[in-house]
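K.L.:
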Amino acid sequence: MSQADLLSPAGLGRFLAAQQFGFRSIRTHLDEGDRPLTGQLVDELIERLSSDLRRLDASDPGGATDGPGRRLSGLAVDYIVLGSGLGTAVLKKRWGRAADADVRAAGAYFSHPRPKEGWATLTADLQARSAEGREADRVTADAGRIFEFFEQGWIRSADIRSGAMPMSGENST
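Here it is as structure tokens:
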């Protein structure tokens, strides 16, 4: 997704739809007994992604990976959400070069502030923990699973370029 075309409405729409699918999937699999510090941020990002997709008049792929399934480690969620904020800051610079007015207007996701201190706090916390054992194995496995959510979102959003994806809630048959 780091190579996504963020300068055209179709390319940006695909990127945003993939992100939305990934974050919705995270929300679907949250563990109420192991809530991430970024739980509210996930909800805010989903809302901003939805807003940007509406502004682009882009298809909303809807849904998320099936739940409930195994619940996600709060640390794994924080690792991915806070880490993605670093990547988003880099992509925001590329998006900011867009000449298309519709693309520039769809900036709610890119303009949402991410907690800068969160990443440093999280990495310090992770370094203080054992790199081996059940907790470490769970965090690692769940982080990999979350990456798969975003990969699934990218694959599902491929048709957004042609406008072939049904809007959320529409029957595609």
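Residues 1 to 173 in UniProt numbering are what the sequence shown spells out, letter by letter. Even for Gly, the Cβ is constructed at its ideal location relative to N, Cα and C. From a predicted model like this one, the values you see are computed outputs, not experimental measurements.
From Arg-161 to Ala-4, what does the alpha carbon distance come to, in whole angstroms?
P.N.:
Because Arg-161 sits at a pLDDT of 49, beneath the cut-off of 50, its placement in the model cannot be relied upon, and the following sentence gives the value as read from the coordinates. Spanning the two alpha carbons is a distance of roughly 12 Å.
K.L.:
For Thr-173, I'd like the list of residues in its chain whose CB is within less than 8 Å of its CB, leaving aside the five on either flank, ordered along the chain.
P.N.:
Its pLDDT being 33, under 50, Thr-173 is placed unreliably in this model, and the coordinates cannot settle the point.
K.L.:
In the DSSP assignment, find the unbroken alpha helix (DSSP H) run with Glu-117 in it and report its ends.
P.N.:
116-128
K.L.:
Below 8 Å on the Cβ atoms is my guess for Tyr-109 versus Leu-41; work out the distance and round it to an integer in Å.
P.N.:
Not quite, the Cβ-Cβ distance comes to about 12 Å (not below 8 Å), so this is no contact.
K.L.:
Between which two residues does the alpha helix (DSSP H) harbouring Glu-132 extend?
P.N.:
Per DSSP, Glu-132 belongs to no alpha helix (DSSP H) and is neither H nor E.
K.L.:
Suppose you measure from the CA of Met-167 to the CA of Asp-60; what does that come to, to the nearest Å?
P.N.:
Since pLDDT at Met-167 reaches only 38, below the 50 mark, its modelled position is unreliable, and no value is offered.
K.L.:
The alpha helix (DSSP H) with Gly-13 in it runs from where to where?
P.N.:
9-28 is the extent of the alpha helix (DSSP H) around Gly-13.
K.L.:
Please classify Thr-123: is it buried, with 16 or more other beta-carbons within 10 angstroms of its beta-carbon, or exposed?
P.N.:
So Thr-123 counts as exposed.
K.L.:
Hey, could you find the ends of the alpha helix (DSSP H) Leu-56 is sitting in?
P.N.:
That residue, Leu-56, is in no alpha helix (DSSP H); it is neither H nor E in DSSP.
K.L.:
Count the other CB atoms within 10 Å of the CB of Gly-144; is the residue buried (16 or more) or exposed (fewer)?
P.N.:
exposed
K.L.:
For Ala-10 versus Ser-157, is the C-beta distance shorter than 7 Å?
P.N.:
no
K.L.:
Considering only the beta carbon of each residue, do Leu-56 and Ala-106 sit closer than 7 Å?
P.N.:
Closer than 7 Å, so yes.
K.L.:
So, using beta-carbon positions, are Pro-113 and Asp-78 closer together than 7 Å?
P.N.:
no
K.L.:
Just curious, the alpha helix (DSSP H) that Ser-102 is in, first and last residue?
P.N.:
Here the sequence assigns Asp to residue 102, which means Ser is not the residue at that position. Run containing Asp-102: 101-105, per the alpha helix (DSSP H) assignment.
K.L.:
Just tell me which of Glu-132, Trp-154, Arg-94 and Ala-128 has its CA closest to the CA of Leu-6.
P.N.:
Arg-94
K.L.:
Can you give me the C-alpha to C-alpha distance between Asp-34 and Gly-87, rounded to a whole angstrom?
P.N.:
25 Å
K.L.:
Please look up how many angstroms separate the CB atoms of Phe-23 and Ile-46, rounded, as I've assumed it's under 8 Å.
P.N.:
Phe-23 to Ile-46, Cβ: 5 Å. Contact.
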